[in-house]
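Read through the structure below, which is laid out as C-alpha coordinates, and then see the notes.
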Amino acid sequence: MKRMAPELLDLVAERFKALSDRARLSLLQELRGGPMTVNELVEATGMGQANVSRHLAQLFANGLVARERDGVFVRYELADEDVLKLCELVCGRLESELTERRKVVTGR
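Per the numbering used here, residue 1334 is the first one in the sequence shown, and the count goes up by one each step.
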(Lines of atoms letter the chains of each structure in order from A and count residues from 1; the text may use other names and numbers.)
(Lines give C-alpha, C1' and ligand atoms only; values in the text may rest on other atoms or scores of the structure.)
Protein backbone atom coordinates (compact mmCIF):
# COMPACT_ATOMS: atom_id res chain seq x y z
CA MET A 1 0.00 0.00 0.00
CA LYS A 2 1.40 3.38 -0.94
CA ARG A 3 1.79 6.13 1.64
CA MET A 4 -1.39 8.21 1.92
CA ALA A 5 -1.95 11.76 3.04
CA PRO A 6 -3.66 12.11 6.44
CA GLU A 7 -6.80 13.51 4.77
CA LEU A 8 -7.04 10.44 2.57
CA LEU A 9 -6.48 8.15 5.54
CA ASP A 10 -9.41 9.86 7.26
CA LEU A 11 -11.64 9.19 4.24
CA VAL A 12 -10.52 5.56 4.05
CA ALA A 13 -11.19 5.11 7.77
CA GLU A 14 -14.69 6.55 7.36
CA ARG A 15 -15.41 4.22 4.45
CA PHE A 16 -14.27 1.18 6.42
CA LYS A 17 -16.25 2.38 9.43
CA ALA A 18 -19.38 2.44 7.24
CA LEU A 19 -18.63 -1.17 6.27
CA SER A 20 -18.05 -2.27 9.86
CA ASP A 21 -21.69 -2.92 10.68
CA ARG A 22 -23.44 -6.24 10.07
CA ALA A 23 -26.74 -4.56 9.15
CA ARG A 24 -25.08 -2.34 6.55
CA LEU A 25 -23.24 -5.31 5.08
CA SER A 26 -26.56 -7.14 4.87
CA LEU A 27 -28.10 -4.22 2.98
CA LEU A 28 -25.18 -4.11 0.55
CA GLN A 29 -25.54 -7.84 0.02
CA GLU A 30 -29.22 -7.43 -0.86
CA LEU A 31 -28.45 -4.59 -3.26
CA ARG A 32 -26.17 -6.87 -5.28
CA GLY A 33 -29.31 -8.00 -7.07
CA GLY A 34 -30.19 -4.49 -8.21
CA PRO A 35 -32.03 -1.40 -6.98
CA MET A 36 -34.48 -1.81 -4.11
CA THR A 37 -36.81 0.41 -2.08
CA VAL A 38 -36.63 0.72 1.70
CA ASN A 39 -39.74 -1.48 1.99
CA GLU A 40 -38.17 -4.16 -0.19
CA LEU A 41 -35.02 -4.05 1.93
CA VAL A 42 -37.09 -4.28 5.12
CA GLU A 43 -38.79 -7.39 3.77
CA ALA A 44 -35.55 -8.96 2.51
CA THR A 45 -33.54 -8.38 5.69
CA GLY A 46 -36.16 -8.56 8.43
CA MET A 47 -34.88 -5.30 9.90
CA GLY A 48 -37.21 -2.51 10.95
CA GLN A 49 -37.94 0.36 8.58
CA ALA A 50 -36.26 2.95 10.82
CA ASN A 51 -33.09 0.84 11.05
CA VAL A 52 -32.95 0.27 7.31
CA SER A 53 -33.41 3.98 6.63
CA ARG A 54 -30.74 4.94 9.16
CA HIS A 55 -28.20 2.49 7.75
CA LEU A 56 -28.97 3.50 4.16
CA ALA A 57 -28.38 7.13 5.12
CA GLN A 58 -24.95 6.22 6.45
CA LEU A 59 -24.12 4.17 3.35
CA PHE A 60 -25.28 7.05 1.16
CA ALA A 61 -23.24 9.61 3.10
CA ASN A 62 -20.15 7.46 2.53
CA GLY A 63 -20.75 7.04 -1.19
CA LEU A 64 -21.51 3.33 -1.00
CA VAL A 65 -25.09 3.53 -2.27
CA ALA A 66 -26.86 5.85 -4.67
CA ARG A 67 -30.54 6.71 -4.58
CA GLU A 68 -33.08 7.70 -7.19
CA ARG A 69 -36.68 8.78 -6.80
CA ASP A 70 -39.18 6.51 -8.54
CA GLY A 71 -42.58 8.14 -8.12
CA VAL A 72 -43.34 8.09 -4.40
CA PHE A 73 -40.53 5.61 -3.71
CA VAL A 74 -36.78 6.01 -3.48
CA ARG A 75 -34.73 3.20 -4.95
CA TYR A 76 -31.28 2.47 -3.58
CA GLU A 77 -28.50 0.79 -5.50
CA LEU A 78 -24.81 0.14 -5.14
CA ALA A 79 -22.86 3.26 -6.02
CA ASP A 80 -19.63 1.37 -6.61
CA GLU A 81 -19.41 -2.29 -7.59
CA ASP A 82 -15.83 -2.38 -6.27
CA VAL A 83 -17.18 -2.43 -2.73
CA LEU A 84 -18.49 -5.93 -3.50
CA LYS A 85 -15.03 -7.00 -4.62
CA LEU A 86 -13.62 -5.77 -1.33
CA CYS A 87 -16.31 -7.59 0.64
CA GLU A 88 -15.78 -10.79 -1.34
CA LEU A 89 -12.03 -10.61 -0.75
CA VAL A 90 -12.42 -10.14 3.00
CA CYS A 91 -15.31 -12.59 3.33
CA GLY A 92 -13.52 -15.24 1.30
CA ARG A 93 -10.45 -14.97 3.50
CA LEU A 94 -12.50 -15.09 6.70
CA GLU A 95 -14.46 -18.07 5.43
CA SER A 96 -11.19 -19.93 4.83
CA GLU A 97 -10.00 -19.06 8.34
CA LEU A 98 -13.29 -20.24 9.85
CA THR A 99 -13.05 -23.52 7.96
CA GLU A 100 -9.51 -24.05 9.26
CA ARG A 101 -10.56 -23.28 12.84
CA ARG A 102 -13.41 -25.77 12.61
CA LYS A 103 -10.98 -28.43 11.39
CA VAL A 104 -8.74 -27.80 14.39
CA VAL A 105 -11.64 -27.93 16.85
CA THR A 106 -13.35 -30.99 15.35
CA GLY A 107 -10.21 -32.78 14.20
CA ARG A 108 -11.62 -33.08 10.67
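A virtual CB, placed ideally from N, CA and C, is assigned to each residue, including glycine.
Would DSSP call residue i helix, strand or coil?
i	result
Asp1354	coil
Arg1426	helix
Arg1441	coil
Arg1434	helix
Pro1335	Strictly speaking, residue 1335 in this sequence is Lys, with Pro absent from that position. DSSP places Lys1335 in coil when its eight states are reduced to three.
Please list, in chain order, all residues of the same chain as residue i whose beta carbon is under 7 Å from its beta carbon, the five residues on each side excluded.
i	result
Arg1348	Asn1395
Ala1351	Arg1357, Gln1391, Leu1392, Asn1395 and Leu1397
Ala1412	Gly1396, Leu1397, Val1398 and Ala1399
Leu1422	none
Val1437	none
Arg1445	Any property of residue 1445 remains undetermined from this structure, which presents the chain solely from 1334 to 1441.
Going by DSSP, what residues sit across from residue i in a beta bridge?
i	result
Leu1411	Val1398
Excluding the five sequence neighbours on either side, which residues of its own chain have a C-beta within less than 8 Å of the C-beta of residue i, listed in chain order?
i	result
Met1369	Glu1363, Ala1377, Arg1408, Tyr1409 and Glu1410
Gly1381	Val1375
Note down, in chain order, each residue of its chain lying with its Cβ closer than 6 Å to the Cβ of residue i, except the 5 sequence neighbours on either side.
i	result
Glu1401	Arg1408
Phe1406	Thr1370
Runs of 3 residues minimum, wholly inside the stretch 1338-1407: which ones carry the beta strand (DSSP E) assignment? 1398-1403
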